[in-house]
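Residue numbers (the working numbering): -19 to 221.
Everything below concerns the one structure shown next.
Here's what the structure looks like:
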């Protein structure tokens, strides 16, 4: 929030907020045929969105769901039965592999505009994602807008920092805090991927009947990592109790 980029976002919002009443007055589309979901950020953020996809499909069973994601998201979503179409934006502004490519941006925009979406969801709340929906011609846009662009949204979700990211994603769809029992993310694998996973586990001495728990304490940014002292504290609490 102290960066120049944040000050630029605030300046944009000062202008865009004038359009907020106009966008918020538009009614939700009666006939939803195509839905855009934007999840361009990182793998963990995408996985936190997975429980929302079946809910979205249940709410709009006749609609086709297109997910705009990065190259990492392709492997996670390619077998997902609730996703009808994937559009990959390799060099987007969140990519850690590739620098932003404006040529690819125009290519992605052309693909999005061709589909003619009725509704778009930005689960991150980012000005760039929201502007992308505007440029793609998405008429009804839903998101949080916490990092700018709320004035361009037709429906702005109420962001609660106390909620987990999975809960926030579901809340954006339903308007309510969901039951945590229904928030398990599911990654779908084809038969070849399942067999490859069995072979890798078997090489490590893990049998089919074994229960496997994976812990990934590291992250792309140190601010997201679970501190070592936290893990030690959990260990001491279990030892005492």
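Positions of the beta carbon are idealized from the N, C-alpha and C atoms, including for glycine.
All of these numbers come straight from a predicted model, not from anything done at the bench.
Cβ-based neighbour list, residue i, same chain, cut-off 6 Å, excluding 5 preceding and 5 following
i           : result
residue 131 : -4, -3, -1, 0
residue 63  : 45, 47, 57
residue 165 : 27, 30, 31
residue 170 : 59
residue 145 : 28
residue 139 : 124, 126
residue 137 : 124, 152
residue -16 : none
residue 236 : Any answer about residue 236 is impossible in this case: the structure gives the chain only from -19 up to 221.
residue 202 : none
Residue i and residue j closer than 8 Å at C-beta
i           : j           : result
residue 18  : residue 109 : yes
residue 115 : residue 31  : no
residue 71  : residue 60  : no
residue 124 : residue 155 : no
residue 126 : residue 133 : no
residue 67  : residue 83  : no
Nearest-angstrom beta carbon gap, residue j and residue i [assumed within contact, 8 Å]
i           : j           : result
residue 129 : residue 153 : With 8 Å as the limit, residue 129 and residue 153 do not qualify as a contact, their Cβ atoms being about 19 Å apart.
residue 45  : residue 36  : 6 Å
residue 92  : residue 33  : Going by Cβ atoms, the distance from residue 92 to residue 33 rounds to 18 Å, so no, they are not a contact pair.
residue 242 : residue 20  : Because the chain here runs from -19 to 221, residue 242 falls outside it and cannot be looked at.
residue 65  : residue 103 : The Cβ separation is near 17 Å, so there is no contact.
residue 184 : residue 22  : Not quite, the Cβ-Cβ distance comes to about 26 Å (not below 8 Å), so this is no contact.
Per DSSP, the bridge partner or partners of residue i
i           : result
residue 272 : The requested residue 272 does not occur in the structure, where the chain is confined to residues -19 to 221.
residue 14  : 44
residue 68  : 49
residue 19  : 49
residue 136 : 123
residue 106 : 127
Own chain partners of residue i with C-beta closer than 7 Å, once the 5 adjacent residues on each side are dropped
i           : result
residue 75  : 50
residue 198 : 205
residue 157 : 143, 147, 151
residue -8  : 107, 128
Cβ shell of residue i (< 8 Å), same chain only, five flanking positions each side left out
i           : result
residue 3   : 121, 131, 132, 133, 134
residue 188 : 178
residue 186 : 192
residue 73  : 20, 80, 108
residue 52  : 22, 23, 26
Cβ of residue i within 8 Å of any chain C Cβ
i          : result
residue 25 : Although the question refers to chain C, the structure presented lacks it and comprises just one protein chain.
Is the number of C-beta pairs between the stretch 6 to 15 and the stretch 91 to 106 that are closer than 8 Å three or more? Taking 8 Å as the limit for Cβ pairs, the verdict is that the stretch 91 to 106 does touch the stretch 6 to 15.
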